[in-house]
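>
Protein chains: 2
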Amino acid sequence: MDESGALDRPDEDNGSGHRAVRIQDVAKLADVSTATVSRALASPEKVSPEARARVLEAIAKTGYVPNLAARSLRSQKTSMVLVVLPDLSNTFFSKILRGIEERLFEAGYGMIISDLDGSPEKEAHFAAFTAAGRVDGAILLNGHLFGQTREGEGTPAKTGIPLVALCEAIPSADIPQIEIDNRAAASRMTQHLASLGHRSIAYVSGPAHNILEKERFIGYQDGLKAAGLPFDPALVLPGDYTIESGVMAGQDLVGRTTRPTAAFCTSDEMAIGLMRTLLSAGLRVPEDISVAGFDDIDFAAVAEPALTTIHQPRRELGQAAASVLIDLLQGHPSPKRIRLETEIIVRASVAPPQNIEKAPAKSTRTRAIKPT
Amino acid sequence: MDESGALDRPDEDNGSGHRAVRIQDVAKLADVSTATVSRALASPEKVSPEARARVLEAIAKTGYVPNLAARSLRSQKTSMVLVVLPDLSNTFFSKILRGIEERLFEAGYGMIISDLDGSPEKEAHFAAFTAAGRVDGAILLNGHLFGQTREGEGTPAKTGIPLVALCEAIPSADIPQIEIDNRAAASRMTQHLASLGHRSIAYVSGPAHNILEKERFIGYQDGLKAAGLPFDPALVLPGDYTIESGVMAGQDLVGRTTRPTAAFCTSDEMAIGLMRTLLSAGLRVPEDISVAGFDDIDFAAVAEPALTTIHQPRRELGQAAASVLIDLLQGHPSPKRIRLETEIIVRASVAPPQNIEKAPAKSTRTRAIKPT
DNA sequence: TGCCACCATGTAAACGATTACATGAAGACT
DNA sequence: AGTCTTCATGTAATCGTTTACATGGTGGCA
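Order-wise, the sequence lines are chains A and B.
Position 225 of the first sequence, counting from 1, maps to 225 under the working numbering, and the rest follow consecutively.
Position 163 of the second sequence, counting from 1, maps to 163 under the working numbering, and the rest follow consecutively.
#1: Mapping the DSSP letters down to three states, classify B/Val247 as helix, strand or coil.
#2: I'd like to know if A/Ile345 contacts chain B, where contact means its C-beta is closer than 8 angstroms to some C-beta of that chain.
#3: Look up B/Phe231 in the DSSP assignment and say whether it is helix, strand or coil.
#4: Ordered along the chain, which non-local residues of its own chain (more than five positions away) have a Cβ less than 6 angstroms from that of A/Ala306?
#5: Roughly how many angstroms separate the alpha carbons of A/Leu253 and B/Ala138, rounded to a whole number?
#6: To the nearest angstrom, how far is it from the Cα of A/Pro176 to the Cα of A/Gly206?
#7: Kindly give me the distance between the Cβ atoms of B/Ile108 and B/Ser72, rounded to whole angstroms, as I take these residues to be in contact under 8 angstroms.
#8: Using a Cβ cut-off of 7 angstroms, pull out every chain A residue sitting near B/Met111, in sequence order please.
#9: Taking Cβ-Cβ distances below 7 angstroms as the criterion, which residues of the stretch 287 to 303 of chain A are in contact with chain B?
#10: Going by Cα to Cα distance, which pick from A/Pro238, A/Ile272, A/Lys95 and A/Asp288 is closest to A/Ala301?
#11: Would you say B/Leu163 faces chain A, with C-beta separation under 8 angstroms as the test?
#12: Quick test of the definition: if touching needs 3 or more C-beta pairs under 8 angstroms, does the stretch 110 to 127 of chain A touch the stretch 110 to 120 of chain B?
#13: Measure the C-alpha to C-alpha separation of B/Pro352 and B/Asp87 and round it to an integer number of angstroms.
#14: Can you check whether the C-beta of B/Glu101 is within less than 8 angstroms of a C-beta belonging to chain A?
#15: When Cβ atoms are compared, which residues of the stretch 58 to 78 of chain A fall closer than 9 angstroms to chain B?
#16: Taking Cβ positions only, does B/Arg276 come closer than 8 angstroms to chain A?
#17: Compare the Cα-Cα distances from B/Thr342 to each of B/Ala184, B/Arg259 and B/Leu283 and report the closest residue.
#18: Go to B/Asp327, then tell me how far its alpha helix (DSSP H) extends in each direction, as first and last residue.
#19: Looking at C-alpha atoms only, which residue of A/Arg54, A/Val65, A/Ala263 and A/Glu102 is the closest neighbour of B/Ser89?
#20: In the DSSP assignment, the beta strand (DSSP E) including A/Arg337 goes from what residue to what residue?
#21: Going by beta-carbon coordinates alone, are A/Ala20 and B/Leu68 separated by less than 8 angstroms?
#22: On a Cα-Cα basis, can you pick out the residue from A/Leu229, A/Glu213 and A/Val164 that is closest to A/Gln191?
#23: When the cut-off is 8 angstroms and only beta carbons count, does B/Phe381 lie next to chain A?
#24: Strictly by DSSP, which residues pair up with B/Val83?
#25: What is the DSSP secondary structure of A/Val254, reduced to helix, strand or coil?
#26: What residues from chain B crowd round A/Leu88, counting only those whose CB sits closer than 9 angstroms?
#27: Would you check if there are 3 or more beta carbon pairs closer than 8 angstroms linking the stretch 263 to 272 of chain A to the stretch 281 to 299 of chain A?
#28: Kindly list, in the order they appear in chain A, the residues whose Cβ is closer than 7 angstroms to that of B/Leu279.
#29: Along the stretch 323 to 337 of chain B, what residues have a CB closer than 7 angstroms to any CB found in chain A?
#30: Give the interface partners of B/Lys214 over in chain A, defined as CB-CB distance under 9 angstroms, in chain order.
#31: Compare the C-alpha of A/Lys77 against each of A/Ala40, A/Arg134, A/Ala165 and A/Lys28 and name the closest.
#32: With C-beta atoms as the reference, is B/Ala51 less than 8 angstroms away from B/Thr36?
#33: Please say whether B/Ser334 and B/Val324 have beta carbons closer to each other than 8 angstroms?
#34: Please confirm if B/Pro352 has its CB atom under 8 angstroms from at least one CB of chain A.
#35: Mapping DSSP to helix, strand and coil, what is A/Thr190?
#36: Just checking: is the beta-carbon of A/Gly133 within a distance shorter than 8 angstroms of some beta-carbon in chain B?
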């Protein structure tokens, strides 16, 4: 008996049920129309102070929260941003994510994360995501995958939502880029090693097709040139930024008869894996071989020995990317490219070579006059 | 001139504009009603094979993607899951996240992440999130914060959406728990250390009010008891799972005159920070002091020395939590509690104590008969 | 005083899907 | 052969907002 009529009596008591409070309930309680409630929230200056006060009171009383699906449907905005990244479980990205999240949160946006996981299938899925109007914009941390290898429809660029590329610049696309100067940083580290006296500097690379990698590799060569050192392909070891690939590079070095006196790894993970392998094989770091990294992850400082590396402002990178995207979403002008500064962090893993070896034999016939 | 009538002629060409394809466009092209299109997608068995074929063709031709805001508004489902965690930039969580994401993706759900960042303000925000009908369910990795310290309205428990607690069990709430047996694991590690001959085992704790921490601490005490060792409060060092707190605990140990022969840290980060500090001070690990960790993060294996620790199946934990939540969302029965197995990973950082010290002097007056 | 502009507010039409209900056709059973 | 069930499909209401447009009241200006 009590049930009859319960449906259309949303008076003041919403006590028992967990039925959501609608804008109409608020309107009724505040004795205004739904339009006024909506305006009181979206553009308070368009509503009289008294009405606004009543509305706010009613909202407080009912605990009203706007239904975002409805809002999104009507206004074609979702207050959601998609973040696409290649590997969620990578230390490097997670701090960037935090920076992104902070900024988005401040601006009232939510963050949807998708771990691309190297699968084109997933990639297509997330492209569809953007097409489905589920997000207002996206931040891409995976330049080389998205909209590049695949040109099929559904790529976010096609859907026309604002995009921002973070870290891995997409050369062709004309979307804003937030990044560090990978080339310059790699060059500087190489020169740093050279300035300490190293003549034979190995380079442990990232994945060959990775855009960051390409830039860093060029930077490495720049650095060699600037230091007057020859480039030796035999000193380039393949890697993919993971600890394991660093370990493998280490095994390679351990097995060599003539070893470089320094190794520049393009990620801290690889550097740590490399050091580990060298130490296990009885080599000393930095006495026998200096090791440098890239990124300055938290563990770099507590590695043994502590890792000399290039500091990337990861949180700031994330924040900058989010800021630019927010500007874009709100129609504000925004810079097309932001480059944040890196810094060489000098720690114990790099030192001058212990015993200066004879000049490298194989390359670039510089008129080597044997000193007798 | 060309423009007139352009609006209501969505015939077959959607070529130029990036206006989204609606279900009506598909219906028109397939010569069926919108209802049939919807059915062809949601419940194909309810539609004739021919009609379905035509619909699918039309969808393929137009590149139709359902508008999720509309679907969500009508069906009161969002295909979105909220993941709330205390710290996005923590290595430990990121691998769990990956497990969650994988599973959610398979089931067609998207993942919204919120880094709680220890701020109640944010917490309230995300509670509102769930209330706003933005997500169908949530996975909580922060038992001690959410719905516990604050009992205010808007806590997700109040909104009635399905929840799953991951790792940090919420004792009071009757929501499914996915976890490891922290107490047993800590006990086992403690006994492992004792079985090697350690009589004085330090414990580097997590944050005092953390639920994990409480369980592990009890486990530590269990382990001591099982090994017949006394509990000594002086051997309990405060920490908060971070590298820094491990460093500080290390400094504490270094400064002591009588040191424990082993230290059990409740996170790998702390263990690595601790080892680092000990090594810097000239102590040897494990010769002077053994160090054990908890979690088995990637860096544990390449620490120097390699870290003995407790392996947590983080990815599997994430997957399990997602699976349970999905079951809940789809009305399937699901287990109330899942406990995944841990495993002690024996590496180089733990060894029998080098020189057996005299029985601990201060505690529990066991009738100590001096052997002359 | 009369007209115009303006301001606060209400009315109602979208937004794009899902789905209860209605409809008509086709086969099954007596 | 007539009625009943079943099945495929269409019609239209609905989800909860936002917002273009309409409306009425108030004050300024000539």
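All C-beta atoms, glycine included, are put in the ideal place defined by N, C-alpha and C.
Computed from a predicted structure; not experimentally measured.
Working from what's here:
#1: B/Val247 carries a helical assignment under DSSP once its states are collapsed to helix, strand and coil.
#2: no
#3: coil
#4: Arg347 and Ala348
#5: 48 angstroms
#6: 24 angstroms
#7: Ile is not the amino acid found at residue 108 of chain B; the sequence shown has Gly there. About 13 angstroms separates the Cβ atoms of B/Gly108 and B/Ser72, ruling out a contact at the 8 angstroms cut-off.
#8: Ile112 and Ile113
#9: Residues Asp298, Phe299 and Val302.
#10: A/Ile272 is the residue among A/Pro238, A/Ile272, A/Lys95 and A/Asp288 whose C-alpha sits nearest the C-alpha of A/Ala301.
#11: no
#12: A contact is defined here as three or more CB-CB pairs under 8 angstroms, and the stretch 110 to 127 of chain A meets this definition with respect to the stretch 110 to 120 of chain B.
#13: 36 angstroms
#14: yes
#15: Hits within the stretch, in order: Gly63, Val65, Pro66, Asn67, Leu68, Ala69, Ala70, Arg71, Ser72, Leu73, Arg74, Gln76 and Thr78.
#16: yes
#17: B/Ala184
#18: Arg314 to Leu329
#19: A/Glu102
#20: From DSSP, the beta strand (DSSP E) with A/Arg337 extends over Arg337 to Leu340.
#21: no
#22: A/Leu229
#23: Any property of residue 381 of chain B remains undetermined from this structure, which presents chain B solely from 1 to 372.
#24: B/Ile113 and B/Ile139
#25: helix
#26: A/Leu88 reaches chain B at Ser94, Lys95, Leu97, Arg98 and Glu101, counting residues in chain order whose Cβ is nearer than 9 angstroms.
#27: Cβ pair count under 8 angstroms is three or more, so yes.
#28: Glu304
#29: Cβ contacts with chain A: none found.
#30: What B/Lys214 touches in chain A: nothing, since even the nearest Cβ is about 26 angstroms away.
#31: A/Arg134
#32: yes
#33: Going by beta carbons, B/Val324 and B/Ser334 fall inside the 8 angstroms limit.
#34: no
#35: helix
#36: True, the Cβ-Cβ gap to chain B drops below 8 angstroms.
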